[in-house]
Amino acid sequence: MSELPQFLMEVKTADMDILSDAVKSFNSVPSLPVNKFIVLPQFYHPTNVKKLQMDASLLRGKVEQLEEKLLLFRGLNTDLEAAADDVAATEAELLQLQRGDDLSHGLSGWK
């Protein structure tokens, strides 16, 4: 326990030395005049960055739509004739369901 005050004093001295060195190196950095502007390359311009972000968002949405369409047709290697047959079969089922719905329209308790 007797070494604790000495240890704390050493830590405090070390911290002060570190802060003093930081201030010296900060003061040695030349500052830019207030009225001088840094010219950034065109691609860093904030409006161009926003435009690129919007374009990327739109393209991301289009990619998601295409991925959904690919899932509907089970991928790129889909046989177009088989896909057309599936669509025709689905349309026939929908037509049959619609006809059944029309027949049940006049019955009580239905619809």
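All letters in the sequence shown, in the order written, are residues 241 to 351 by the numbering used here. Virtual Cβ for every residue (Gly too), placed ideally from N, Cα, C.
query: Collapsed DSSP secondary structure at LYS351 in the structure displayed; result: For LYS351, the predicted model reports a pLDDT of 48, less than 50, meaning its position is unreliable; a value from the coordinates is still stated below. Here LYS351 sits in coil by DSSP.
query: Straight-line Cα distance separating LYS291 from ILE258; result: 44 Å
query: Cβ neighbours of VAL327 in the same chain (closer than 7 Å, five flanking residues each side left out); result: none
query: Close beta carbons around LEU337, own chain, < 6 Å, minus the five adjacent residues each side; result: none
query: Local conformation of THR253 per DSSP, three classes; result: helix
query: Three-state secondary structure (DSSP) of ASP319; result: coil
query: Where VAL289 falls: helix, strand or coil (DSSP); result: helix
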